[in-house]
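Under my numbering, think of the first position of the sequence shown as 527, with each following residue one higher. Even glycine gets a Cβ: it sits at the ideal position worked out from N, Cα and C. Okay, structure first, notes after.
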Amino acid sequence: MNVGKFIVFEGIDGAGKTTQLKLLLNRLEKANVTYHATKEPTEGVVGQLIRQVLNKQLELDEKTMAALFLADRFHHIQAETDGMLKHLHLGKHVICDRYYLSSYAYHSAFLPLEWVIACNAPCAKLLRPDVIFFLDLPPTMSLARLTKTRAHLDLYETKERLTLVHQQYHAAISRVKSEENIILLDATETEEAIAEKIWAVVNELG
Numbered sequence: 527m528n529v530g531k532f533i534v535f536e537g538i539d540g541a542g543k544t545t546q547l548k549l550l551l552n553r554l555e556k557a558n559v560t561y562h563a564t565k566e567p568t569e570g571v572v573g574q575l576i577r578q579v580l581n582k583q584l585e586l587d588e589k590t591m592a593a594l595f596l597a598d599r600f601h602h603i604q605a606e607t608d609g610m611l612k613h614l615h616l617g618k619h620v621i622c623d624r625y626y627l628s629s630y631a632y633h634s635a636f637l638p639l640e641w642v643i644a645c646n647a648p649c650a651k652l653l654r655p656d657v658i659f660f661l662d663l664p665p666t667m668s669l670a671r672l673t674k675t676r677a678h679l680d681l682y683e684t685k686e687r688l689t690l691v692h693q694q695y696h697a698a699i700s701r702v703k704s705e706e707n708i709i710l711l712d713a714t715e716t717e718e719a720i721a722e723k724i725w726a727v728v729n730e731l732g
């Protein structure tokens, strides 16, 4: 059986990742392509702890947060029952909302980028995306979208942090673009236009 493709969606909060991921899943279903949809942080034990920090129920320093994301990611990749590698080797496409590029952007806002990349190098060795779609949206537009759709904003959803993370996304992309297949998409375009561009790339993956 052929190994599935690993497809990742990235961008600051409010950029439209979840919307585009769902649109892609609909297209895959219509094309009779089997898939596994997932996200980071996961719903596992470590992922739930991370969500408590993001929801401001707990407070941890940035290095500890980076380590938690890394632990969650290792389990996400390798878990025997529901790991991404298992699904890929069953021939399914794995569609993931966030992966290690998120760590590069969010954690390097407060820690050295090279340190974050080095920490995640084993994950990249285990499982590198076939394609990463980066939905690029100005932070001001992101914040406007978030305040319309959410009753409460999380730890990273302030104007200052969104701006900083947006800058770090671009810094990280410049740093790793020779190693990764990253497709930059203008998230100010219509949902339909973005979805067509994504589908064209996914079709080329085979």
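Tell me whether residue i is buried or exposed, calling it buried when 16 or more other Cβ atoms sit within 10 Å of its Cβ.
i      : result
Glu585 : exposed
Asn646 : buried
Asp476 : As displayed, the chain neither begins before 527 nor continues past 732, which places residue 476 out of reach and without an answer.
Lys651 : exposed
Pro648 : exposed
Asp587 : exposed
Lys543 : buried
Ala557 : exposed
Which residues mark the beginning and the end of the beta strand (DSSP E) in which residue i is found?
i      : result
Phe532 : Phe532 to Glu536
Tyr625 : No beta strand (DSSP E) contains Tyr625, which DSSP labels as neither H nor E.
Leu616 : Looking at the DSSP string, Leu616 is not in any beta strand (DSSP E), and its letter there is neither H nor E.
Going by C-alpha distance, which of the options is nearest residue i?
i      : options                           : result
Arg701 : Phe535, Glu640 and Leu594         : Glu640
Thr666 : Gly570, Thr544, Val642 and Val691 : Val691
Phe636 : Glu686, Leu672 and Ala670         : Glu686
Thr545 : Leu596, Leu661 and Val572         : Leu661
Ala720 : Gly540, Leu549, Asn528 and Val534 : For the record, residue 720 in the displayed sequence is Ile; it is not Ala. Of the listed residues, the one whose Cα sits closest to Ile720 is Leu549.
Val571 : Lys582, Gln693, Val728 and His602 : His602
Ala697 : His613, Asp539, Trp725 and Ile643 : Ile643
Leu627 : Lys674, Thr675, Ala592 and Asp608 : Ala592
Gln604 : His633, Thr689, Thr568 and Gln583 : Thr568
Would you give the residue range spanned by the alpha helix (DSSP H) that residue i belongs to?
i      : result
Phe595 : Glu588 to Gln604
Lys565 : First-last for Lys565: Tyr561 to Lys565, but that is the beta strand (DSSP E), not the alpha helix (DSSP H).
Leu547 : Lys543 to Lys556
Leu575 : Val571 to Leu580
Leu639 : Leu639 to Leu652
Val728 : Glu717 to Leu731
Asn661 : Contrary to the premise, residue 661 reads as Leu rather than Asn in this sequence. Run containing Leu661: none in the alpha helix (DSSP H); it sits in the beta strand (DSSP E), Val657 to Asp662.
Assuming contact is defined by CB atoms lying nearer than 8 Å, are residue i and residue j in contact in what I supplied?
i      : j      : result
Lys531 : Asp656 : yes
Phe547 : Ala563 : Going by the sequence as given, residue 547 is Leu instead of Phe. Yes, the Cβ-Cβ distance between Leu547 and Ala563 is below 8 Å.
Tyr561 : Ala631 : no
Leu663 : Thr714 : yes
Ile576 : Leu594 : yes
Glu566 : Arg624 : yes
His613 : Ile533 : no
Val727 : Ile708 : no
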